[in-house]
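For the sequence shown, numbering that gives the first Met the number 0 assigns the number 0 to the initial residue and increments by one for each residue that follows. Below: one structure, written as structure tokens.
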Amino acid sequence: MLIGIPPLLGPDLLFTLRAMGHGDEIAIVDGNYPALEHGRRVIRADGLDLIPVLDAVLQVLPVDDFVPQAIFRSSVKGDPALHDPVHGEIEAVCAHRAPGFSVVPLAGDAFYSRVKTAHTIIATSEPRLYANIIVRKGVIYPKGTGKP
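And the structure:
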């Protein structure tokens with residue numbers, strides 16, 4: 000246990016989040032996602048749903064503000080216009096933990112392609128379909144720069 004670190008973030012995941020560099024992306028995926036097939040590195044989060052894992056990750060991971068879009072989600076049946084209830088929950092967590100960033104829906108192939116290039120995939124046991132998100136890591140600004 001550590002002070003100020005969500006207990007859902009185990010040692011392997013903390014190591015990975017710290018090892019990631021600016022611009023690296025991490026995918027957090029549901030229990031149906033083919034993580035082992037698509038991932039260069041996979042961290043299992045068995046028994047955990049996506050929303051609490053996303054919330055914990057966003058408590059310690061800066062989101063990239065050097066690009067216009069840094070958070071992406073999967074789409075229902077590959078259609079970015081469709082919205083499932085889990086997407087609303089994803090958007091609420093992101094609005095709370097990463098204010099000012101929109102969650103961009105990607106069509107199926109575009110989402111899969113992006114996950115395949117991600118630094119790491121966190122494979123949760125989330126039972127809901129299309130509960131997948133990608134977050135691009137930002138930077139921690141030096142003190143006195145006027146940046147958060």
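Even glycine gets a Cβ: it sits at the ideal position worked out from N, Cα and C. None of the values given here were measured: they were computed from a predicted structure.
In the three-state DSSP reduction, A26 falls in the strand class (E or B).
Residues of the same chain with a CB within less than 6 Å of the CB of D54, apart from the 5 flanking positions on each side, are V92 in chain order. A distance below 7 Å between beta-carbons, with the five flanking residues on each side excluded, links L35 to the following residues of its chain, in chain order: V41. A Cβ-Cβ separation of about 13 Å leaves A97 out of contact with I133 under the 8 Å criterion. When the five nearest sequence neighbours on each side are left out, the beta carbons in the same chain lying within less than 6 Å of the beta carbon of G137 are those of P61, V62, D63 and D64, in order along the chain. Contact annotation: P104 and P79 have beta-carbon atoms nearer than 8 Å. Shown here for G77: same chain residues with a beta carbon closer than 8 Å to its own, the five before and five after excluded, namely A106, G107 and D108 in chain order. Beta bridge pairing from DSSP links I121 with I27 and I42.
If you look at V59, you'll find it in the alpha helix (DSSP H) that goes L49 to V59. In the DSSP assignment, P104 falls within the beta strand (DSSP E) that extends over V102 to P104. In the structure shown, I2 adopts coil according to DSSP, grouped into three states.
Short of 8 Å from the beta carbon of T116, and not among the five residues preceding or following it, lie these beta carbons of its own chain, in chain order: E24. By the Cβ neighbour-count rule, H21 is exposed, with fewer than 16 other Cβ atoms within 10 Å of its own.
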